[in-house]
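Note sheet for the following structure.
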Amino acid sequence: WQPNMLDKAMTDFAAALKPGGVLGVEEHRADPRPETVEGTRSATDGYVSEATIVAAAKKAGLVLEAKSEINANPKDTKDHPFGVWTLPPNSTSAPRGGQTPAGFDAAKYKAIGESDRHTLRFRKPA
Numbered sequence: 043w044q045p046n047m048l049d050k051a052m053t054d055f056a057a058a059l060k061p062g063g064v065l066g067v068e069e070h071r072a073d074p075r076p077e078t079v080e081g082t083r084s085a086t087d088g089y090v091s092e093a094t095i096v097a098a099a100k101k102a103g104l105v106l107e108a109k110s111e112i113n114a115n116p117k118d119t120k121d122h123p124f125g126v127w128t129l130p131p132n133s134t135s136a137p138r139g140g141q142t143p144a145g146f147d148a149a150k151y152k153a154i155g156e157s158d159r160h161t162l163r164f165r166k167p168a
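Using this note's numbering, you'd call the opening residue of the sequence shown number 43 and step up by one each time.
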């Protein structure tokens, strides 16, 4: 997520949908938390709260129709040295252009598997 891009993305999605059209969103799920840094949305660790996505969709005129736990992963603690990208399939083990930290245990993150994600379905009213 790029700061301040969510509202534009949702507005563009809503504009592209026909009345009655459906938008699916699958995103790395943040635990409920404040998501503002100096007044802007921020998800520097790659996790975004459901409330943030739902609010942006609603602002764009979309209606939350359904949720699914199909992509849930309770093993994801969301506390990883390189954010969500520490987990598979990316499996980042060092900062961009940097060295892998001493003691970094890639197997620990592989055992968690992919991130905990929410799956949301929105509809553009007819």
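Cβ coordinates follow ideal geometry from the N, Cα and C atoms, glycine included.
- Residues near GLU80 in its chain [Cβ-Cβ closer than 8 Å; skip 5 each side]: The residue labelled residue 80 in the question sits at position 38 within the sequence shown. Unreliable positioning characterises GLU80 in this predicted model, as indicated by a pLDDT of 43, which lies under 50. A coordinate reading is not provided.
- Query: Going by alpha carbons, who is nearest to TYR118 out of PRO137, GLY103, ARG71?
  - Reply: Along the sequence shown, one-based indexing puts residue 118 at 76. Reading off the sequence, residue 118 comes out as Asp, not Tyr. It is ARG71 whose Cα lies nearest to the Cα of ASP118.
- Is GLU111 buried or exposed, if buried means 16 or more other CB atoms sit within 10 Å of its CB? Numbered from its first residue, the sequence shown carries residue 111 at position 69. So GLU111 counts as exposed.
- Item | Residues that DSSP places opposite HIS160 in a beta bridge | Residue numbering aside, residue 160 sits at position 118 when the sequence shown is read from its first letter. Paired residues: GLU69.
- Item | Limits of the beta strand (DSSP E) - the one that ALA108 falls within | On the sequence shown, residue 108 is found 66 positions in, with the first residue counted as 1. Residues 105-110.
- Item | Whole-angstrom distance between PHE146 and LYS56, CA atom to CA atom | What you label residue 56 is simply residue 14 of the sequence shown in a count that begins at 1. What you label residue 146 is simply residue 104 of the sequence shown in a count that begins at 1. Strictly speaking, residue 56 in this sequence is Ala, with Lys absent from that position. C-alpha separation (whole angstroms): 43 Å.
- Query: Can you name the residues that DSSP bridges to VAL90?
  - Reply: Here residue 90 corresponds to residue number 48 of the sequence shown, with the count starting at 1. Its beta-bridge partners are ARG71.
- Query: At a cut of 8 Å, does the stretch 153-167 reach the stretch 95-114 through at least three beta carbon pairs?
  - Reply: yes
- Assuming LYS166 and LEU104 make a contact with CB atoms under 8 Å, what is their CB distance in whole Å? Within the sequence shown, the letter at position 124 stands for residue 166. Within the sequence shown, the letter at position 62 stands for residue 104. Sure, about 6 Å apart at Cβ, within 8 Å.
- Report all residues from its chain with a CB closer than 6 Å to the CB of ALA136; omit the five preceding and five following residues, and keep chain order. The sequence position of residue 136 within the sequence shown is 94, counting from 1. So the list reads THR142, once near-sequence residues are dropped.
- Message: Rounded to whole angstroms, what is the Cα-Cα separation between LYS100 and LEU48?
- Response: Numbered from its first residue, the sequence shown carries residue 100 at position 58. Numbered from its first residue, the sequence shown carries residue 48 at position 6. Near 12 Å, if we compare the C-alpha coordinates of LEU48 and LYS100.
- Does the separation of the CB atoms of GLY155 and GLY125 fall below 8 Å? Within the sequence shown, residue 155 is the residue found at index 113, counting from 1. Within the sequence shown, residue 125 is the residue found at index 83, counting from 1. No, the pair does not count as a contact, with Cβ atoms beyond the cut-off.
- Task: May I ask which residues mark the beginning and end of the alpha helix (DSSP H) holding THR53?
- Result: Taking the sequence shown and counting its residues from 1, one reaches residue 53 at position 11. It spans 48-58 - the alpha helix (DSSP H) in which THR53 sits, taken as one unbroken run.
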